[in-house]
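Visitor:
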Amino acid sequence: MALPIYASPLERIWYYAYRVICALIFLFLIAPILIVIPLSFNAEPYFTFTQKMLSLDPTGYSLRWYDTLLTFGMQAPDAPRDSSWWRDAWTNARWVGVAKNSVIVGVFSTIIATVLGTLAALGLSRPEMPFRRTIMAVLISPMIVPIIITATGLFFFYSSIQIREWGVPYLGVVLAHATLGIPFVIITVTATLVGFDHSLTRAAASLGANPRTVFRKVILPLILPGMISGALFAFVTSFDEVVVVMFIAGPEEQTIPRQMWNGIRESISPAILAVATILVVISVLLLAAVELLRRRSERLRGL
Amino acid sequence: MEGRPLKQALARAQSRAKRRALLLVVPLLLFIVVTFVAPIGQMLLRSVHNDAFARNMPNVGAWFAENDGAPDEAAYSALVADLRLARENRTAGEVGTRINYELGGTRSLFTSGARGADDLEPPFATSLVEDDAKWADPQLWQVMRTASHAYTASFYLAALDLTRDGDGNIVRVPEGRAVYLSLFAKTFALSALITAICLLLGYPVAHLLATLPLAKSNLLMILVLLPFWTSLLVRTTSWMVLLQEQGVINNTLVATGITDTRLPMIYNQTGTVIAMVHILLPFMILPLYSVMRPIRPHYVRAARSLGATSWTAFRRVYLPQTVPGIGAGALLVFILAVGYYITPALVGGASGQLISNLIAYHMQDSLNWSMAAALAAILLAAVLLLYWLYDRLIGIDNMKLG
């Protein structure tokens, strides 16, 4: 929207003021996320820029907090860094352990959410689906219901069925996170099915394809971008979830956000900022992946 | 295919298609019912059902069922029999806790009463009261009468700052002990404030994104989507880094000489509001953007050419067209804000706590689970009402992510 030549002086001022205001709001959105990155390289245990950092003195910066992430919880953190040191870090370091838990819980809950969510979205997008609106409202509700209520309900439910005694590790957390991720899969897959041309499936069928081939060769390629971005949403939801983990996970099932929560509440150290930086990098990568998928999907569907 | 009317064949084909569509949804529906609806239903049951007293105190329960009015000797002897039973089964603490929820300071009455129950001689109406005069308190008997039913509304009454007096009338709790209503009010007020700030900040940004050429706006959109994808805990941590007393903003303010005193911006309501606005802002911008993008600029230009000032053109022509986006964004932000837990818990301090934090407190610290369930049920009712409104006005199908 360029400034028209007939604009009055007041409008000219407003035009530039408006851009400045928007720039400030963008700064408000993005600055808090970027600020943790330089601070995580702080050589001192402070949460603010030291004089040395401001004067760009290399001694003001260090990787010590990233090192803490590896050594915290290790049996012999000061041993020489050979293969047994790394094995120690892999098995005993606290942050490495919670990262493994996060990935395990995230992957399995994403698989459940994506498979069930995609099937349901396929059903929901059929025009003959009965009670469509009500069912959709129920399936989306885990996203809307406050997380503390879900966690409270799950806490009572899981303790009444004694899910920890079943001998399946992570089961409770995985099921809960799958539930929380499902709305995202449904929303993204349904979005790719909007305007889906059903004559494509009929054409494939009339050319002799059986339903399985129709699904694999016609439907799946069209909904795949939506499925993957839904899966990424579901993974991020699980990867970022702390309240349910706090209420129902056992001591050996703690995840990254849960450990961060402990760190923030009890002994806040710049190691938290190092974790935060790593998570920011991961979210940048995920965002890039989703953006690429969205564009691909739009191209495929000819939008 | 002779003999079968077309209408019948069509109906059969349609019901088969319906069944097939339903079949695709059923697995997920079952999954959600088991892992989500059933747990919440069970929690709702817990908010009206607490049998800690009814289960462990059968004799006095039977007396309550047969008599109403002031306790007589039969009532006291039933009570003593139950206290002896409680001592035997070691349930006095459980019973006392149940009564203590509604009448403070009574837990020890039951535990010490159960300890001394074996030594008491009839008539119990005098010996028990001699032991501790609190046993004669009419309000205690009223509370026990209520608790003798496993199903009770008292947790809801307590959640609304109401209680029963000695005669069983529902009255307000004394001023000093009323916490819940004011907390509900504060939660809604803060959520409204956060929604308003989000609208104020989100509207200009969404408008800019909607009017820029697509290539530029897609680039700027990343600045909106990145916070959306970044971990909540990361964003909360960065606000702690920025806002704390020795933090980046205060240091900058002091170094540049704008203020001498460091501003308390965190561990209070201000901190909660700032961090939550930042976290919820993308949920406002995205719906606004998707409504604003298709609005054609010709309408505003036409208004201008007909003599409207730019303000009038905005107010009378542009703004009305964006109302659906305002509604969608504001409702979504409000719904999410009302139930927020993590951010207030970490940056809210004492004054920035919301209703979710009190539910967590009752779950984890005071262990009054029925109270937590009752508060959760009220919050859930409010959220579902808003959700229903959202579905009515905007439609869940129109919810978009990124």
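First to last, the sequence lines map onto chains G and S.
For the first sequence, my numbering begins at 1 and goes up steadily by one.
For the second sequence, my numbering begins at 1001 and goes up steadily by one.
By construction, the Cβ of each residue, glycine as well, lies at the ideal position given by its N, Cα and C atoms.
Please determine, among G:271, G:265, G:247, G:264, the residue with the shortest C-alpha to C-alpha distance to residue 1359 of chain S.
Guide: Checked all of G:271, G:265, G:247, G:264; the closest Cα to residue 1359 of chain S is G:247.
Visitor: Within a Cβ cutoff of 7 Å, which residues of the same chain sit near residue 230 of chain G, ignoring the five residues on either side of it in sequence?
Guide: If we look at residue 230 of chain G and ignore the five residues flanking it on each side, its Cβ neighbours are 114, 117, 184, 185, 188, 189.
Visitor: So which of S:1252, S:1177, S:1139 has the shortest CA-CA distance to residue 1164 of chain S?
Guide: Closest option to residue 1164 of chain S, Cα to Cα, is S:1139.
Visitor: On the three-state DSSP scale, how would you describe residue 1207 of chain S?
Guide: Residue 1207 of chain S falls in the helix class under three-state DSSP.
Visitor: Which residues bound the beta strand (DSSP E) around residue 243 of chain G?
Guide: Careful: residue 243 of chain G lies outside any beta strand (DSSP E), inside the alpha helix (DSSP H) at 243-248.
Visitor: Can you grab the Cα-Cα spacing for the pair residue 1385 of chain S / residue 244 of chain G, in whole Å?
Guide: Rounded to the nearest angstrom, the two C-alpha atoms are 24 Å apart.
Visitor: Can you tell me where the alpha helix (DSSP H) holding residue 1411 of chain S begins and where it ends?
Guide: The displayed coordinates of chain S run from 1001 to 1402. Any statement about residue 1411 of chain S would go beyond what the structure contains.
Visitor: What residues of chain S sit near residue 11 of chain G, judged by a beta carbon separation below 8 Å?
Guide: Within chain S, the residues near residue 11 of chain G are 1310.
Visitor: Exposed or buried, what is residue 1224 of chain S when buried is set at 16 or more other beta-carbons lying within 10 Å of its beta-carbon?
Guide: The residue is buried, with at least 16 neighbouring Cβ atoms inside 10 Å.
Visitor: Between residue 1036 of chain S and residue 163 of chain G, what straight-line distance do the alpha-carbon atoms span, to the nearest angstrom?
Guide: If you take the alpha carbons of residue 1036 of chain S and residue 163 of chain G, they lie about 15 Å apart.
Visitor: Could you give the first and the last residue of the continuous beta strand (DSSP E) run that contains residue 64 of chain G?
Guide: Residue 64 of chain G -> not in any beta strand (DSSP E); alpha helix (DSSP H) instead, spanning 64-71.
Visitor: Could one say the Cβ of residue 947 of chain S lies closer than 8 Å to chain G's Cβ atoms, at least one of them?
Guide: Outside the shown range of chain S (1001 to 1402) lies residue 947 of chain S, about which nothing can therefore be said.
Visitor: Hey, is residue 145 of chain G's beta-carbon within less than 8 Å of any beta-carbon in chain S?
Guide: For residue 145 of chain G, the answer is yes, since a Cβ of chain S falls inside 8 Å of its Cβ.
Visitor: Compare the C-beta of residue 1287 of chain S against all C-beta atoms of chain G and say whether one is closer than 8 Å.
Guide: Not one chain G Cβ lies under 8 Å of residue 1287 of chain S.
Visitor: Along the chain, where does the beta strand (DSSP E) containing residue 1171 of chain S start, and where does it finish?
Guide: Here the beta strand (DSSP E) through residue 1171 of chain S covers 1170-1172.
Visitor: Tell me which residues share the same chain as residue 1333 of chain S and place their Cβ nearer than 6 Å to its Cβ, disregarding the 5 neighbours each side in the sequence.
Guide: 1195, 1198, 1280, 1283, 1284, listed in sequence order.
Visitor: So residue 124 of chain G and residue 135 of chain G are in contact, right, with Cβ under 8 Å, and what is the actual spacing, rounded?
Guide: Correct: roughly 7 Å between the Cβ atoms.
Visitor: Roughly how many angstroms separate the alpha carbons of residue 1391 of chain S and residue 78 of chain G, rounded to a whole number?
Guide: Those two C-alpha atoms are separated by around 58 Å.
Visitor: List the residues of chain G that residue 1414 of chain S touches, going by C-beta distances under 8 Å, in chain order.
Guide: Because chain S in this structure spans residues 1001 to 1402, residue 1414 of chain S falls outside the shown range and cannot be described.
Visitor: CA-CA distance, residue 57 of chain G and residue 1368 of chain S?
Guide: Their Cα atoms are separated by approximately 55 Å.
Visitor: Just checking: is the beta-carbon of residue 18 of chain G within a distance shorter than 8 Å of some beta-carbon in chain S?
Guide: Yes, residue 18 of chain G counts as interfacial toward chain S.
Visitor: Using 8 Å as the limit for Cβ to Cβ distance, is residue 200 of chain G near chain S?
Guide: No, residue 200 of chain G lies away from the interface with chain S (no Cβ there is under 8 Å from its Cβ).
Visitor: Just the chain G side, please: which residues come within less than 9 Å of residue 1278 of chain S by C-beta, in chain order?
Guide: Chain G residues near residue 1278 of chain S: 28, 29, 32.
Visitor: Excluding the 5 residues flanking residue 1339 of chain S on each side, which residues of the same chain have their C-beta closer than 7 Å to its C-beta?
Guide: Excluding positions up to five away in sequence, the list reads 1356, 1379, 1383.
Visitor: Determine the chain G residues that contact residue 1035 of chain S at a beta-carbon separation under 7 Å, and present them in chain order.
Guide: Ordered by position in chain G, the residues that pass the 7 Å Cβ test against residue 1035 of chain S are 175, 176, 179.
Visitor: Taking a Cβ distance cut-off of 7 Å, strictly less, list which residues of the segment 114-131 of chain G are near chain S, in chain order.
Guide: Going along the segment 114-131 of chain G in chain order, one finds 116, 117, 119, 120, 122, 123, 124, 126, 128, 129, 130 with a Cβ nearer than 7 Å to chain S.
Visitor: Sort S:1396, S:1388, S:1310, S:1323 by Cα distance to residue 3 of chain G and report the nearest one.
Guide: Residue S:1310 is the option with its Cα nearest to residue 3 of chain G.
Visitor: Of all the CB atoms in chain G, is at least one closer than 8 Å to the CB of residue 1368 of chain S?
Guide: False, the Cβ-Cβ gap to chain G never drops below 8 Å.
Visitor: For residue 42 of chain G, list the residues DSSP reports as bridge partners.
Guide: Per DSSP, G:61.
Visitor: Under 8 Å by Cβ, that's how I've got residue 1233 of chain S and residue 242 of chain G pegged, so tell me the actual separation to the nearest angstrom.
Guide: The pair is a contact, with the Cβ atoms about 7 Å apart (cut-off 8 Å).
Visitor: Which residues, in chain order, does the segment 77-108 of chain G contribute to contact with chain S at a C-beta distance below 9 Å?
Guide: Listed in sequence order: no entries.
Visitor: I'd like to know if residue 330 of chain G contacts chain S, where contact means its C-beta is closer than 8 Å to some C-beta of that chain.
Guide: An answer regarding residue 330 of chain G cannot be provided, because it is not within the stretch 1 to 303 covered by chain G.
Visitor: Please list the terminal residues of the continuous beta strand (DSSP E) segment that includes residue 1164 of chain S.
Guide: Counting along the chain, the beta strand (DSSP E) containing residue 1164 of chain S begins and ends at 1162-1164.
Visitor: Quick check on the DSSP output: what are the complete alpha helix (DSSP H) runs of length 4 or more inside the segment 159-204 of chain G, in order along the chain?
Guide: Segments of the alpha helix (DSSP H) lying fully in the segment 159-204 of chain G: 171-193.
Visitor: Whose Cβ in chain S lies nearer than 9 Å to the Cβ of residue 286 of chain G?
Guide: In chain order: 1229.
Visitor: Residue 136 of chain G lies in the alpha helix (DSSP H); which residues open and close that run?
Guide: Note, residue 136 of chain G: alpha helix (DSSP H), 132-144.
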